[in-house]
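Here's the structure we're looking at; comments come further down.
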Amino acid sequence: MKAKYQVLSKVENLLANKTKVTTQDVAKAMQLSRGVVSTYLSQLYQEGLLLKSGTKPVYWQLNSNDDVFAKMIGSDGSLKKVIDKCKAAVNYPPNGFPLIITGPSGSGKSFLASLIYEYAKQVSVISQNANFVVLNCADYANNPELLSSVLFGYKKGAFTGADQDHLGLVDQADGGYLFLDEIHRLPRESQEKLFVLLDSGKFYPLGESKHFKQVNVRFIFATTEDITNHLLKTFRRRVPLKVSLSSISKRPLVERCKLIENFFKKEAIKIDRDIEVPTDVVDYLLKSELIGNVGSLENQVKLLCAENFNRTDNSSILKITSSKNEKENNRSWLIKSSQYINLTFSSSDEINVKLASFVKTLLKNEKINRRIENQSLAMNQFLRDLHENLSVLIVDEDYKNYLYKKLTATLKPVFLRYGLLKDLKKVKIEQAASLLSVLHRENNKTDLKELRELVEQHYPRTTYICNQVKNALDIKIDANWLIIVLLYVICDEIAPEIEKQKLLGIMVCHGGAVASNICSIVNSLCGSYIFEAFDMPIDVSNREIVSQISCYIRKQNRNYDGTILLFDMGSLATLYKNIKALLNNDLLVINNITTAIALDLGLQIQQRTSFKKIAEKAEKYPDSMKIQYYEGISQKSNVIVSCMSGVGLSEEVKKILKVTLKSDIEVITMDYRDLKSTLQRHDHSYFKNTKFILTTNDVPKQNGIEVLNLYDVMDEDGDWKLRQLLKQMGEDKKTIDNLIKELLKFFTIGGIKGRLRFLNPEVVIPEIQEIVAKFEKFYHLNFSNKLKLSLYMHIALMLERLMLGGVDTSDVHEKVITKDERDFNVIAKKIFRDIEEKYNITVNDYELSLIYELLKVNFNK
């Protein structure tokens, strides 16, 4: 074992009883001088095997990082896939894969090869004392015979001067790794000699033709050239794995920053001084053309340190000269020699971990609905931490400035429209640009979906404005991060006031930008987002107006105490009918608006005037305004349908009601959450025209309104209650029977749709309803809705079962059939005759016995 690794072993032993040790502790334990031990400890520290802290004395600890590849910057970033392949090449049984590393000069091929060797020892696929043998093929490119002797060794007398047997590099690498660098300089003859060695592990030393040698060698090859042009096809076929290292200019900016810091850290350790590096120096290094890649970058750092070392005194800090005037307040980073290399720049995966933690904090705050000031503070803290950790280098200054200009140009007109221009601050836009330039990255995998949903619930009006900014911003940027940053950074101070508004204000005008102009004036004079405007073409239809307003109302994602709708012209009755259906609050519609009236209304909304008082005042406006005030959920007799599983199901029930009922009644569908909120926020007068509520979930009876669960209709009590409610509305027995029949059909189809493979439920259920009706008529019975539902589903599945061959009844024991069941079978066969002929099936006695079991309780009544 090398001396430095003996020192490492001793440190491990000493740390079994201590948390950290000093240089003197190690020197005493090994009976070596302190200076010698200090040298070895420093080497182990530079290799990343030890941690270092303190100054007098210096303390040493083991580095807990187990993955040797962590020493290669980018191993968990841009080089992750490369490292994964290298690990696979090492671990694949029984002896791994040979592999070729390609890449430009100085990109780290030799370093990666050495890490592969270290990793192989770490995972114990080779022994700890296995050799890592290196040969640069370029050294022997013009002498293939000499190369063969170096590689494979030679026998005594093989050539002049060969006075004894000599072992080659292949022998030395037995049990370990042989790394052949610049493999493209390997002559054709030498490539051919490697074939047998790669295939079987056998080779002949130079001068030997009878007795081969057997070795177990793992190979790594490296080249700067295109292997297809320089290596034999048969050779390439024997090296199945290829990894490529890119030039430094193609590495991510964050990894280039880490390389720069790492190299300065090494120099700080060598000269035992802290190093102060100005930002413009780092910027210069980042932008330098580096033909030698990583190696050239390291040499440039060394040269900078050497030049400045000669210019400075014996100060504890080596200051790298900046190209800028010190008065420009050029920022610097202090790289300390007394600390273990703790890179302040994280790889892509590490940054994503930090971002995930940051988002977790925001999410936690939002879940408990903490004030927005806390979220804004978290954003500012995160931005500050980024700068403190040198992450300004991650920020592309040009891109940040570009973002600032784009954000400013977009925010101004949007904030002007909503009366918020006075609240737009330059410093906030700069913060937003800095954050977005870091947060918006292609490899940023942080999931913001839940956070985005929560902020849209808590700040629906403010996020609506943020979305307007997003839609107007003509650059490709992550939408989720953009909304979060705009809300927490740009709008943090104004959001609470915006969200206090209790009434929804909408303007609609025809021609040009009339509505937008009035809206901008009113919002600006009120100093807040009061109205939204819709500019419509002269020939626009009411349907299109309703469509746009409907979209806007959905985006609001909150409940209001009332809605004020301002028009320049139009049919109020038609617009009311369509728009009122979208709302769960009172509606005030005013036609022929003017800027003065809009401002009066805007000021009342801003001052939190109640909807009723605004409506009462509106009645005093000029007659030409055509004021109409609609109170309550609807002016017509209505039934509300609300299904827990969604509006789609409610709409289906609504269709059934509209088709079967003869009375002119409005059917209103509502989201379950909106229904509960509306019931809680309004008294009985709001529902004075509501006859009853149909729902699929249990809603407590409130405000004196009858609430009926749709599924209870299947029971006798529920059926009776629904019939009574419908009779009170003026419906007759025939209409009610037809409605319940259609509801049963609807529920049956829903229940069996996913279970029928061939039969169409829409076709077969009416046929089954007719069969069940024949049984009722013959036996003079009225089956309960629940029994009908069971029969519909059972018979539908029975028909398909019989079409597919039926149930094997060979194992079914014959039972004694009673006279009643025999009589039932005779009648049932006649009732099923038509459907048997249609589907070419036979309803056998076994199937009839199952139906009889369902019905016999009714026969005994």
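Note that this note's numbering numbers the sequence shown so that position 861 is 2145, with each residue one more than the last.
Where a beta carbon is used, it is the ideal one built from N, C-alpha and C, also for glycine.
Between the stretch 1460-1475 and the stretch 1409-1418, do three or more beta carbon pairs fall short of 8 Å?
Segments in contact, yes.
Please report the straight-line C-alpha distance between Ile1553 and Gln1330, rounded to a whole angstrom.
Counting from one through the sequence shown, the residue named residue 1553 turns up at place 269. Counting from one through the sequence shown, the residue named residue 1330 turns up at place 46. The alpha-carbon atoms of Ile1553 and Gln1330 are separated by roughly 8 Å.
Between which residues of its own chain and Gln1752 is the CB-CB distance below 7 Å, once the five residues before and five after are set aside?
Locating residue 1752 in the sequence shown gives position 468, where the first residue counts as 1. Hits under 7 Å: Val1698.
Within 10 Å of its beta-carbon, does Pro1906 have 16 or more other beta-carbons around it, so buried, or fewer, so exposed?
Translated into the one-based positions of the sequence shown, residue 1906 becomes position 622. Counting Cβ neighbours within 10 Å, Pro1906 comes out exposed, since fewer than 16 surround it.
How big is the Cα-Cα spacing for Leu1704 and Asn2044?
Position 420 of the sequence shown holds residue 1704. Position 760 of the sequence shown holds residue 2044. About 58 Å.
Let's see if you can read the secondary structure: which residues bound the alpha helix (DSSP H) around Gln1406?
As a working mapping, residue 1406 is identified with position 122 in the sequence shown. Here the alpha helix (DSSP H) through Gln1406 covers 1393-1406.
Alpha carbon to alpha carbon, how far is Ser1804 from Leu1695? Give it in angstroms, no decimals.
Translated into positions along the sequence shown, residue 1695 becomes position 411. Translated into positions along the sequence shown, residue 1804 becomes position 520. Straight-line Cα distance between these residues: approximately 14 Å.
Per DSSP, which residues does Gln1498 bridge with? Please list them.
Your numbering for residue 1498 matches position 214 in the sequence shown. In DSSP, Gln1498 forms a bridge with Lys1486.
Met1853: buried (16+ other C-beta within 10 angstroms of its C-beta) or exposed?
One-based indexing of the sequence shown puts residue 1853 at position 569. By the neighbour-count rule (16 or more Cβ atoms within 10 Å), Met1853 is not buried but exposed.
When burial is assigned at 16 or more other CB atoms within 10 Å of the CB, is Leu1308 buried or exposed?
For the purposes of this step, residue 1308 is identified with residue 24 of the sequence shown, where counting begins at 1. Reading off the sequence, residue 1308 comes out as Gln, not Leu. When all chains shown are included, Gln1308 counts as exposed.
By the DSSP assignment, the alpha helix (DSSP H) with Lys1733 in it spans what residues?
As a first step, residue 1733 must be located in the sequence shown, where it is residue number 449. Element bounds for Lys1733: 1733-1742.
Judging by CA-CA distance, which residue of Ile2135, Leu1543, Val1991, Met2082 is the nearest neighbour of Phe2059?
Counting from 1 along the sequence shown, the entry for residue 2059 is found at position 775. Nearest option by C-alpha distance: Ile2135.
Whose C-beta lies closer than 7 Å to the C-beta of Lys1440 among residues of the same chain, with five residues either side of it excluded?
Sequence index remark: in the sequence shown, residue 1440 carries index 156 (1-based). Closer than 7 Å at Cβ, skipping near neighbours: Ala1446, Asp1447, Gln1448, Asp1449.
Following the continuous beta strand (DSSP E) through Asn2109, name the residue where it begins and the one where it ends.
Within the sequence shown, residue 2109 is the residue found at index 825, counting from 1. Here Asn2109 belongs to no beta strand (DSSP E); instead the alpha helix (DSSP H) covers 2103-2115.
Is the Cβ-Cβ distance between Tyr1970 and Met1928 less than 9 Å?
As a working note, residue 1970 is residue 686 in the sequence shown. As a working note, residue 1928 is residue 644 in the sequence shown. Cβ distance not < 9 Å, so Tyr1970 and Met1928 don't count as in contact.
Should Leu1396 and Leu1529 be called a contact, given that it needs their Cβ atoms to be closer than 9 Å?
Here residue 1396 corresponds to residue number 112 of the sequence shown, with the count starting at 1. Here residue 1529 corresponds to residue number 245 of the sequence shown, with the count starting at 1. Yes, Cβ-Cβ distance for Leu1396 and Leu1529 is below 9 Å.
With the cut-off set at 9 Å, would you say Lys1786 and Phe1895 are in Cβ contact?
Walking along the sequence shown from the start, residue 1786 turns up at place 502. Walking along the sequence shown from the start, residue 1895 turns up at place 611. In this structure, Phe1895 lies closer than 9 Å to Lys1786 by Cβ.
Would you say Val1873 and Ile1829 are within 9 Å of each other, going by their C-beta atoms?
One-based indexing of the sequence shown puts residue 1873 at position 589. One-based indexing of the sequence shown puts residue 1829 at position 545. Against a cut-off of 9 Å, the Cβ pair of Ile1829 and Val1873 comes out as no contact.
Can you tell me where the beta strand (DSSP E) with Leu1992 in it begins and where it stops?
The sequence position of residue 1992 within the sequence shown is 708, counting from 1. First-last of the beta strand (DSSP E) with Leu1992: 1990-1993.
Out of Leu1723, Phe1666, Leu1646, Ile1881, which one is the CA nearest neighbour of Lys1684?
For the purposes of this step, residue 1684 is taken as the residue at position 400 of the sequence shown. Lys1684 has its Cα closest to that of Leu1723, out of Leu1723, Phe1666, Leu1646, Ile1881.
Are the beta-carbon atoms of Phe1479 and Val1454 separated by less than 9 Å?
Mapped onto the sequence shown, residue 1479 falls at position 195. Mapped onto the sequence shown, residue 1454 falls at position 170. Taking 9 Å as the Cβ cut-off, Phe1479 and Val1454 do not qualify as a contacting pair.
Is it true that the CB of Ser1398 sits closer than 9 Å to the CB of Asn1577?
Position 293 of the sequence shown holds residue 1577. Position 114 of the sequence shown holds residue 1398. Not a contact, by the Cβ cut-off of 9 Å.
For the candidate residues Val1923, Arg2085, Asp1823, whose alpha-carbon lies nearest to that of Arg2041?
Taking the first residue of the sequence shown as position 1, residue 2041 is located at position 757. Among Val1923, Arg2085, Asp1823, the Cα nearest to that of Arg2041 is on Arg2085.
Measuring only the C-alpha atoms, how far is Ile2052 from Ile2119?
Mapped onto the sequence shown, residue 2052 falls at position 768. Mapped onto the sequence shown, residue 2119 falls at position 835. Looking at the two C-alpha atoms, the distance is approximately 9 Å.
Kindly indicate which three-state DSSP category Ala1425 falls into: helix, strand or coil?
As a working note, residue 1425 is residue 141 in the sequence shown. Reduced to three states, the DSSP call for Ala1425 is coil.
Does the beta-carbon of Gln1741 have 16 or more other beta-carbons within 10 angstroms, so that it is buried, or is it exposed?
For this step, residue 1741 is matched to residue 457 along the sequence shown. The residue in question, Gln1741, is exposed, as its Cβ has fewer than 16 Cβ neighbours within 10 Å.
The alpha helix (DSSP H) that contains Met1270, what's its start and end?
This structure cannot speak to residue 1270, because the chain is shown only from 1285 to 2145.
Rounded to whole angstroms, what's the CA-CA distance from Gly1358 to Glu1650? Just pull it up for me.
Numbered from 1 along the sequence shown, position 74 holds the residue referred to as residue 1358. Numbered from 1 along the sequence shown, position 366 holds the residue referred to as residue 1650. Each residue's alpha carbon lies about 34 Å from the other.
What residue does the beta strand (DSSP E) around Lys2146 start on, and which one ends it?
As shown, the chain starts at 1285 and ends at 2145. That puts residue 2146 outside it, with no answer to give.
Rounded to whole angstroms, what's the CA-CA distance from Glu1737 to Asp1819? Just pull it up for me.
As a first step, residue 1737 must be located in the sequence shown, where it is residue number 453. As a first step, residue 1819 must be located in the sequence shown, where it is residue number 535. Cα to Cα, the separation comes out at about 29 Å.
Suppose you measure from the CA of Gly1795 to the CA of Thr1692; what does that come to, to the nearest Å?
Taking the first residue of the sequence shown as position 1, residue 1795 is located at position 511. Taking the first residue of the sequence shown as position 1, residue 1692 is located at position 408. Cα to Cα, Gly1795 sits roughly 29 Å from Thr1692.
Measure the C-alpha to C-alpha separation of Val1798 and Lys1939 and round it to an integer number of angstroms.
Counting from 1 along the sequence shown, the entry for residue 1798 is found at position 514. Counting from 1 along the sequence shown, the entry for residue 1939 is found at position 655. Each residue's Cα considered, the two are about 39 Å apart.
Among residues of its own chain, excluding the 5 on either side of Gln1832, which ones have a beta-carbon nearer than 7 Å to its beta-carbon?
As a working note, residue 1832 is residue 548 in the sequence shown. Here the set comprises Phe1818.
What residues are listed by DSSP as bridge partners for Gln1345?
Taking the first residue of the sequence shown as 1, we reach residue 1345 at position 61. Per DSSP, Leu1335.
Give me the Cα-Cα distance between Cys1775 and Thr1746, rounded to the nearest whole angstrom.
Looking up residue 1775 in the sequence shown gives position 491. Looking up residue 1746 in the sequence shown gives position 462. Distance between the alpha carbons of Cys1775 and Thr1746 is about 7 Å.
Taking Val1824 as part of the beta strand (DSSP E), name the residues at either end of that continuous run.
For this step, residue 1824 is matched to residue 540 along the sequence shown. Segment: none, Val1824 is in no beta strand (DSSP E) and carries neither H nor E.
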